[in-house]
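A quick write-up on the structure given underneath.
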Amino acid sequence: MNETSDKQNISAGQYSNAPNKKTVFQGVLYTFHGGVHPEEHKSASSGRPIMPVFIPTKLIVSVQQHIGEAGRPCVAVGDHVDTGQIIAQADGYMSVAAHAPTSGTVSAIAPHAVPHPSGLPGLCIHIQPDGKNTWVPRTPTDYLNEHPSTLRNLLRDMGIAGLGGAVFPTFIKLNPGKIKRVPTLLLNGGECEPWITCDDAIMRERAEGILQGAAVMRYLLQSDRVLVGIEDNKPEAIAAMSAATKQVDFPVEIVSIPTLYPSGGAKQMIKIITGKEVPSGGRSTDVGVATFNVGTALAVHRAINHGEPLISRVITVTGNVGLPHNREVLIGTPINELLALAGTHPEPVTGSLMGGPMMGFELADMAAPVVKATNCILVKSARLFPAPPPARECIRCTRCADACPADLQPQELYWFSKSKHFDKAQQYSLFDCIECGCCSYVCPSHIPLVNYYRFAKSEISTLKSAERAANLARERFESRTARLERDQRERAERLAQKSAIKPTPDADAAATIQAALARTQAQADEPKV
Amino acid sequence: MLSSPYVTAQNSVSVIMLKVAFALLPAIIVYAWLYGPAIIISLCIATVTALSMEAIAMTLRKRPAGAALLDGSALITAWLFALSIPAIAPWWLTVTGLFFAIIVAKHLYGGLGNNVFNPAMVGYAVLIVSFPVPMTHWAAPLSLAGESLGWSAAAHYIFSNHLPDGWTLDAITSATPLDTLRTQLKLHHTIAKIEQLPMFGYLGGRANEMVVGAYLLGGLYLLKERIITWHIPVALLGSLALISGVFWLINPSEYASPWFHIATGGSLLGAFFIATDPVTAATTPRGKLIYAAGIGLLIYLIRMFGAYPDGVAFGVLLMNIAVPLIDAWTQPPPYGHKEVRT
Numbered sequence: 006m007n008e009t010s011d012k013q014n015i016s017a018g019q020y021s022n023a024p025n026k027k028t029v030f031q032g033v034l035y036t037f038h039g040g041v042h043p044e045e046h047k048s049a050s051s052g053r054p055i056m057p058v059f060i061p062t063k064l065i066v067s068v069q070q071h072i073g074e075a076g077r078p079c080v081a082v083g084d085h086v087d088t089g090q091i092i093a094q095a096d097g098y099m100s101v102a103a104h105a106p107t108s109g110t111v112s113a114i115a116p117h118a119v120p121h122p123s124g125l126p127g128l129c130i131h132i133q134p135d136g137k138n139t140w141v142p143r144t145p146t147d148y149l150n151e152h153p154s155t156l157r158n159l160l161r162d163m164g165i166a167g168l169g170g171a172v173f174p175t176f177i178k179l180n181p182g183k184i185k186r187v188p189t190l191l192l193n194g195g196e197c198e199p200w201i202t203c204d205d206a207i208m209r210e211r212a213e214g215i216l217q218g219a220a221v222m223r224y225l226l227q228s229d230r231v232l233v234g235i236e237d238n239k240p241e242a243i244a245a246m247s248a249a250t251k252q253v254d255f256p257v258e259i260v261s262i263p264t265l266y267p268s269g270g271a272k273q274m275i276k277i278i279t280g281k282e283v284p285s286g287g288r289s290t291d292v293g294v295a296t297f298n299v300g301t302a303l304a305v306h307r308a309i310n311h312g313e314p315l316i317s318r319v320i321t322v323t324g325n326v327g328l329p330h331n332r333e334v335l336i337g338t339p340i341n342e343l344l345a346l347a348g349t350h351p352e353p354v355t356g357s358l359m360g361g362p363m364m365g366f367e368l369a370d371m372a373a374p375v376v377k378a379t380n381c382i383l384v385k386s387a388r389l390f391p392a393p394p395p396a397r398e399c400i401r402c403t404r405c406a407d408a409c410p411a412d413l414q415p416q417e418l419y420w421f422s423k424s425k426h427f428d429k430a431q432q433y434s435l436f437d438c439i440e441c442g443c444c445s446y447v448c449p450s451h452i453p454l455v456n457y458y459r460f461a462k463s464e465i466s467t468l469k470s471a472e473r474a475a476n477l478a479r480e481r482f483e484s485r486t487a488r489l490e491r492d493q494r495e496r497a498e499r500l501a502q503k504s505a506i507k508p509t510p511d512a513d514a515a516a517t518i519q520a521a522l523a524r525t526q527a528q529a530d531e532p533k534v
Numbered sequence: 066m067l068s069s070p071y072v073t074a075q076n077s078v079s080v081i082m083l084k085v086a087f088a089l090l091p092a093i094i095v096y097a098w099l100y101g102p103a104i105i106i107s108l109c110i111a112t113v114t115a116l117s118m119e120a121i122a123m124t125l126r127k128r129p130a131g132a133a134l135l136d137g138s139a140l141i142t143a144w145l146f147a148l149s150i151p152a153i154a155p156w157w158l159t160v161t162g163l164f165f166a167i168i169v170a171k172h173l174y175g176g177l178g179n180n181v182f183n184p185a186m187v188g189y190a191v192l193i194v195s196f197p198v199p200m201t202h203w204a205a206p207l208s209l210a211g212e213s214l215g216w217s218a219a220a221h222y223i224f225s226n227h228l229p230d231g232w233t234l235d236a237i238t239s240a241t242p243l244d245t246l247r248t249q250l251k252l253h254h255t256i257a258k259i260e261q262l263p264m265f266g267y268l269g270g271r272a273n274e275m276v277v278g279a280y281l282l283g284g285l286y287l288l289k290e291r292i293i294t295w296h297i298p299v300a301l302l303g304s305l306a307l308i309s310g311v312f313w314l315i316n317p318s319e320y321a322s323p324w325f326h327i328a329t330g331g332s333l334l335g336a337f338f339i340a341t342d343p344v345t346a347a348t349t350p351r352g353k354l355i356y357a358a359g360i361g362l363l364i365y366l367i368r369m370f371g372a373y374p375d376g377v378a379f380g381v382l383l384m385n386i387a388v389p390l391i392d393a394w395t396q397p398p399p400y401g402h403k404e405v406r407t
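Taken in sequence, the protein lines are chains F and C. When you number the first sequence by this note's numbering, it's gap-free, plus one each residue, and the end is 534. When you number the second sequence by this note's numbering, it's gap-free, plus one each residue, and the end is 407.
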């Protein structure tokens, strides 16, 4: 809250299209709770320009690169595909398409190792490149004259998903729905993870494209404010983005935010810039903000203004490599082929991460392909990433609580997760944990706290799905029992009806009998003469 | 295979504990300077005893003893305990107290991190209840006693419980300022008159207030190093000052001033070093305030209306009991659970 305005390029009078709207801040930044300052190591890869794309020996395109339902393959083995041709269609609402990253032949549609924390293989479309890179026809879209719904469908078919790491289908986030419009469009150029510089690189080199993408997003969301949040450890990106604001015809505010991990988390950045907190379990649009990674904006620009689907992205290759750099990489490129271009490893390799050291995960198989979520390949060595000292008992020092950007009490969550008191863990808001790793980072007892939370979360999910299954089974059983009882009852009733037809046990019959009885009685009662 | 994060800050329990030990050094030096070297001998006995007991307990529990000794927690318990009891306490008193501290209060509850009660204060409480007489034999400051036990005489007394020829216990010991205040008030002397006695200094006890000043120095270092937060010292001393201030304003001739209460006894040691023990203290910011304010209040009530000379140990132990409740009540709202302004 104490940040002053001097770092920012915010000028009043940019809100001509919303003159009566009081701006959320005029040069005032807010702070989120906690945060840590891990060593940045960004200069390792940020010094060089983005290296050009290359065509690997084979491409392995996963049909599940986004959150939601996997795409449905729409090519057959042996088919020739052109660059940018849809090879897997969006299947269901929460899904996006996948495309051939270059022209060639579909050699297989089969499971292959994919980068995923589980290490499990996933269905992939294997393409043998022909080296010609012949494109499908690319047609720019005049988006201002298109219906928003048409544009969203186009973005889905262009395969656009959030490139910050969550790979949420972008077209869904660009649908304001019932609220009609989202007042604030926030582009996230925070990139707070150590080592990673791919967003930095595109902001420095492709700033205008990012803002052209923001123009499309702004149109779809009917936003009157466009903000770009960038950590102040990227002065060149801030300068380039600021310069690019002059190239677009709508106001853009470039906001330099203090470097503090995890300020690049969407919720944290919204708090920094607007002072508002996204309600637990809610969405950022609940506070009138739509957040997108800068890379996603660039991908939207390429898709709409150039007709190019998402077939490549910029990736940081760094750590224990001879040539740490950023490179434009085709989706589907085997990671080991990408690493081969980064020179020899200066030190013995002790594993590789996808993503950064705070939230990334260990790659089980280096033959796994690059996916849309791949922002960084970080090769480890024992020197750069020493094994953590053995974990000791928690002394409740609450350094974790001081560092937690979700304002949780990690020491309590640890206690409940470890002792499997899952109900208590949920009561203490376990599911508000964003797994940023700040708590584990600061823990003087070196307890892998996030591991415990992941364990507890997955146990709770398992229990819940088991509970759901049990409930479903019980409901089925109950309805079956009810149905059987009903059948039995109905059968019995039918049987009873059948047997009752002969004596016609109805009111008339009863009356007849009654009358007959009465007559007999009357005869009997008559005095004998 | 461990999941992320794959980096950790340079930080460890050992470093935290060593910084606490470092923060105690000024007070120890001043103590030895003003009262003689007995405290050094007492600290050595306590250190050896506590580390041995820690090793034995860990071995009996079939856990690695080396790591536990290196974490420094037993060392801190030993030092806080030794600084809480008379420096010339006989060796068996130290051993008995630390048995209850390390074996009973710490390891029977599950070891470091699982103990409910502050180990050093459990040790102190057992001694003050069971052996009240030797617990009142506080060494007199050199400036009052004229001369004091040197290294060998102090060691001789601590290990044999006999003074060298020509020495008397009365000559080398004195009542604490809090004890003196209590007995003098019973004789219907006014505070103003009592504070004329030679054992009183500027704010609290003569010489003792210098040690207290060194505790403050160490406490500020802990704050600067972020080993502790401000909540517990401020709330503890604040509530002690508030309650003593109310009584003092009502009747200054029978109730000592707030600064006297802060500058005497274990107030500052308790506020910066004992109540801040992370394992047994409340953890939430508001919880720390409630916990420490409760200790401050109890210190005053025990001093003024209780049977014991000082209230830090019982104040801390009583509030230790309340910690789980305080923590449960004072959970701060996580991100996204606060009232949303629209």
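Built from N, CA and C at the ideal position, the CB exists for glycine as well. Keep in mind it's a predicted model, so treat the numbers as computed, not measured.
Cβ separation of residue i and residue j, assumed to be a contact under 8 angstroms, to the nearest whole Å
i      : j      : result
F/I316 : F/P106 : 4 angstroms
C/A147 : C/L108 : 5 angstroms
F/N331 : F/I60  : 18 angstroms between Cβ atoms; not a contact.
F/I207 : F/G300 : 6 angstroms
C/L363 : C/F379 : 7 angstroms
C/Y267 : C/E274 : 6 angstroms
C/V416 : C/A328 : This structure cannot speak to residue 416 of chain C, because chain C is shown only from 66 to 407.
Identity of the residue in the options nearest residue i by Cα
i      : options                        : result
F/G73  : F/F173, F/G83, F/S357          : F/F173
F/V46  : F/M222, F/A115, F/P329         : The amino acid at residue 46 of chain F is misidentified as Val; the sequence shows His. The option with the nearest alpha carbon to F/H46 is F/P329.
C/D244 : C/F370, C/L158, C/K289         : C/F370
F/D135 : F/P181, F/V322, F/E352, F/D84  : F/D84
F/E151 : F/E333, F/E367, F/M371, F/I309 : F/I309
F/L160 : F/A471, F/G52, F/I91, F/A378   : F/I91
C/L116 : C/K127, C/V95, C/G131          : C/G131
F/I336 : F/I65, F/I201, F/S48           : F/I65
F/R186 : F/G312, F/V376, F/P256, F/S228 : F/S228
Inter-residue spacing [alpha-carbon to alpha-carbon] between residue i and residue j
i      : j      : result
C/P398 : C/Q75  : 29 angstroms
C/Y400 : F/E495 : 57 angstroms
C/L58  : C/I105 : Any property of residue 58 of chain C remains undetermined from this structure, which presents chain C solely from 66 to 407.
F/Q70  : F/A171 : 10 angstroms
F/F37  : F/N193 : 16 angstroms
F/I465 : F/C441 : 20 angstroms
C/I141 : F/S386 : 37 angstroms
F/A242 : F/I235 : 8 angstroms
F/D87  : F/R481 : 50 angstroms
F/T155 : F/S100 : 16 angstroms
F/K27  : F/P145 : The predicted model places F/K27 with a pLDDT of 33, which falls under 50 and marks its position as unreliable; any figure quoted below should be read in that light. The alpha-carbon atoms of F/K27 and F/P145 are separated by roughly 37 angstroms.
F/E282 : F/K272 : 7 angstroms
F/G76  : F/I177 : 16 angstroms
Residue i and residue j closer than 8 angstroms at C-beta
i      : j      : result
F/A406 : F/Q414 : yes
F/M371 : F/G365 : no
C/S309 : C/A321 : yes
F/L190 : F/L216 : no
F/G214 : F/H306 : yes
F/V384 : F/V326 : yes
F/F255 : F/R288 : no
F/D1   : F/S51  : Here chain F has residues from 6 to 534 only, and residue 1 of chain F is not among them.
Note down, in chain order, all residues in the region 408–437 of chain F with a beta-carbon under 8 angstroms from any beta-carbon belonging to chain C.
If the cut-off is 8 angstroms between Cβ atoms, the region 408–437 of chain F has P410, A411, D412, L413, Q414, Q416, E417, Y433, S434, D437 near chain C.
Beta carbons nearer than 8 angstroms to chain F: which residues of the region 72–99 of chain C have them?
Result list: V72, T73, A74, N76, S77, V78, V80, I81.
Interface positions of the region 171–188 of chain C facing chain F (Cβ-Cβ less than 9 angstroms), listed along the chain:
Residues are counted here when their Cβ sits less than 9 angstroms from a Cβ of chain F; for the region 171–188 of chain C these are G175, G176, L177, G178, N179, given in chain order.
Members of the region 330–349 of chain C near chain F, C-beta cut-off 8 angstroms:
Correct list: P343, V344, A346, T348, T349.
In chain order, what residues of the region 133–148 of chain C put their CB closer than 8 angstroms to some CB of chain F?
Cβ contacts with chain F: D136, S138.
By the 9 angstroms beta-carbon criterion, what residues does the region 459–476 of chain F contribute toward chain C?
Listed by position, the residues of the region 459–476 of chain F near chain C (Cβ gap below 9 angstroms) are R459.
Using a Cβ-Cβ cut-off of less than 8 angstroms, give me the residues of the region 384–405 of chain C that come near chain F, in sequence order.
From the region 384–405 of chain C, only D392, Q396, P397, P398, P399, Y400, G401, H402, K403, V405 have a Cβ closer than 8 angstroms to chain F.
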